[in-house]
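Undergrad: FYI, in numbering that gives the first Met the number 0 the residues of the sequence shown are 0 to 285. A single structure is presented below for examination.
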Amino acid sequence: MNDMVFNRLVSTALISFSILFWSCGDNDHTIKMKGSDTEVNLAVNLAEAYNQTDPAFSMAISGGGSGLGITSLLNGQADIANSSRPLTEEEQTLFKKKNIRLKTVVFAEDATAFVVHGDNPITEIDVKTLAKIMSGQAENWAPISGQDGPINIYGRQSSSGTYSFIRKKLKIAYSQKAKEMTGNAQILEAIKIDKSGIGYVGAGYISKKIQDNEGVKVLKIKNGGGSDAISPLDPAAIKNGLYFFQRPLYQFIPEKSWDKVLPFIQFETKGEGMKIIENSGYYLIH
Numbered sequence: 000m001n002d003m004v005f006n007r008l009v010s011t012a013l014i015s016f017s018i019l020f021w022s023c024g025d026n027d028h029t030i031k032m033k034g035s036d037t038e039v040n041l042a043v044n045l046a047e048a049y050n051q052t053d054p055a056f057s058m059a060i061s062g063g064g065s066g067l068g069i070t071s072l073l074n075g076q077a078d079i080a081n082s083s084r085p086l087t088e089e090e091q092t093l094f095k096k097k098n099i100r101l102k103t104v105v106f107a108e109d110a111t112a113f114v115v116h117g118d119n120p121i122t123e124i125d126v127k128t129l130a131k132i133m134s135g136q137a138e139n140w141a142p143i144s145g146q147d148g149p150i151n152i153y154g155r156q157s158s159s160g161t162y163s164f165i166r167k168k169l170k171i172a173y174s175q176k177a178k179e180m181t182g183n184a185q186i187l188e189a190i191k192i193d194k195s196g197i198g199y200v201g202a203g204y205i206s207k208k209i210q211d212n213e214g215v216k217v218l219k220i221k222n223g224g225g226s227d228a229i230s231p232l233d234p235a236a237i238k239n240g241l242y243f244f245q246r247p248l249y250q251f252i253p254e255k256s257w258d259k260v261l262p263f264i265q266f267e268t269k270g271e272g273m274k275i276i277e278n279s280g281y282y283l284i285h
């Protein structure tokens with residue numbers, strides 16, 4: 000992948016993602032949601048549906064990473080922080096110092112998918128080999144896929160909850176050669192044009208339309224021993240907790256914002272909201 004193409008992808012990624020649903024309602028009905036890029040697509044789908052049920056509803060949604068959403072809560076700039084990871088001890092201490100009490104909602108589950116270019120001959124990978132790749136210990140595809148070529152890693156920025164999640168699950172420090180992308184969509188676009196690429200995205204970003212995934216292959220993950228290789232797109236495996244990279248999705252809400260956001264929270268965790276979660280490529284909490 001040449002530098003010009005990569006720079007174009009990065010430039011596109013740096014355009015902040017923001018969606019605003021307006022209504023004629025006052026500020027008491029305006030909800031600011033910030034944070035996890037993994038959750039952005041789902042949040043938009045839920046907000047669009049809820050907007051049809053409440054004419055006084057408006058919501059501003061932006062991504063940028065779990066860390067950004069949590070920082071926005073600390074600064075009083077958000078009503079909901081979407082996060083694909085729990086709060087760190089340091090973050091908990093900061094909220095206590097500012098006397099900000101939070102309510103936590105676990106509203107869905109995600110499975111992080113590892114993707115490669117469609118021409119890559121491998122269809123599955125074990126966790127040990129994946130750790131070597133992401134840490135930079137393995138730098139060539141030859142011993143892994145049989146095809147000679149450098150391994151190009153596409154990941155997220157350090158503010159991303161997925162960045163932290165993968166690092167902790169694999170117990171590694173990332174390779175310094177890993178390219179840090181702003182969001183899931185940018186990682187997918189990079190993989191589509193880089194035959195030596197590998198990256199990770201939320202399963203919700205893998206389209207149900209085959210043509211949309213052209214050029215990208217989702218790898219099954221094997222967790223050593225005699226375990227089976229499992230796909231992040233296998234609902235039964237996720238329901239039974241068998242996929243190595245599955246995790247809950249969080250929403251952190253300051254108590255002062257709770258009454259305002261409660262109708263939306265109730266919508267996304269019941270009935271139609273649950274159907275939207277499943278139809279958007281995410282999983283229900285079991």
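A virtual CB, placed ideally from N, CA and C, is assigned to each residue, including glycine. Since this is a predicted model, take the numbers as computed values, not measurements.
#1: Alpha carbon to alpha carbon, how far is S230 from A236?
#2: Determine whether the beta carbon atoms of F251 and L45 lie at a separation below 8 angstroms.
#3: Starting from R246, trace the beta strand (DSSP E) both ways and give me its first and last residue.
#4: Can you check DSSP and say which residues form a bridge with L101?
#5: What residue range is occupied by the uninterrupted alpha helix (DSSP H) comprising A130?
#6: Which residues in the same chain as E271 place their Cβ atom closer than 8 angstroms to its Cβ, once the five residues preceding and following it in sequence are excluded?
#7: Beta carbon of A110, beta carbon of Y282: below 8 angstroms?
#8: When the Cβ atoms of the stretch 182-197 are set against those of the stretch 96-109, are three or more pairs found closer than 8 angstroms?
#9: Checking the sheet assignment: what are the DSSP bridge partners for F113?
#10: Can you check which of these residues, E108, I69, K102 and T103, is closest to E89 by C-alpha distance?
#11: Please say whether L86 and G34 have beta carbons closer to each other than 8 angstroms?
#12: Can we say the stretch 260-279 touches the stretch 147-167, given the rule of at least three CB pairs closer than 8 angstroms?
#13: Beta carbon of S256, beta carbon of L41: below 8 angstroms?
#14: I'd like the list of long-range same chain contacts for K221, defined as Cβ closer than 8 angstroms, with 5 residues on each side in sequence excluded.
#15: What separation, rounded to the nearest whole angstrom, lies between the Cα atoms of D136 and A177?
#16: One question on the structure: do K216 and G117 come within less than 8 angstroms of each other, judged by their Cβ atoms?
#17: Label P253 either buried or exposed according to how many other C-beta atoms from any shown protein chain fall within 10 Å of its C-beta, with 16 as the threshold for buried.
#18: For E179, I'd like the list of residues in its chain whose CB is within less than 7 angstroms of its CB, leaving aside the five on either flank, ordered along the chain.
#19: From E213 to I205, what distance separates their C-alpha atoms?
#20: Quick check on the burial criterion: 16 or more other C-beta atoms within 10 angstroms. Buried or exposed for I284?
#21: Which whole-angstrom value describes the C-beta separation of I171 and M133, a residue pair presumed to lie in contact below a C-beta threshold of 8 angstroms?
#22: Using the rule of at least 16 other Cβ atoms within 10 Å of the residue's Cβ for burial, across every protein chain shown, is C23 buried or exposed?
#23: Which residue marks the beginning of the beta strand (DSSP E) containing S82, and which one marks its end?
#24: Quick one: grab the DSSP three-state call for F263.
#25: Thinking C-alpha only, which one of L248, N239 and S158 is nearest A202?
#26: Assuming S159 and S65 form a contact by the criterion Cβ under 8 angstroms, report the distance between their Cβ atoms to the nearest whole angstrom.
#27: Would L218 and V114 qualify as a contact pair, given that the criterion is a beta-carbon distance under 8 angstroms?
TA: From the atom records:
#1: 8 angstroms
#2: no
#3: Q245 to P253
#4: P253
#5: V126 to S134
#6: A48
#7: yes
#8: no
#9: Y199
#10: I69
#11: no
#12: no
#13: no
#14: E123, I124, D125, V126, D227, A228 and I229
#15: The identity of residue 136 in the sequence shown is Gln, whereas the question assumes Asp. Answer to the nearest angstrom: the Cα atoms are 12 angstroms apart.
#16: yes
#17: buried
#18: G154, R155 and Q156
#19: 11 angstroms
#20: exposed
#21: 6 angstroms
#22: Confidence at C23 is low in this model, with a pLDDT of 39, below 50, so its placement is unreliable and the value that follows should be read with caution. When all chains shown are included, C23 counts as exposed.
#23: I79 to S82
#24: helix
#25: L248
#26: 6 angstroms
#27: yes
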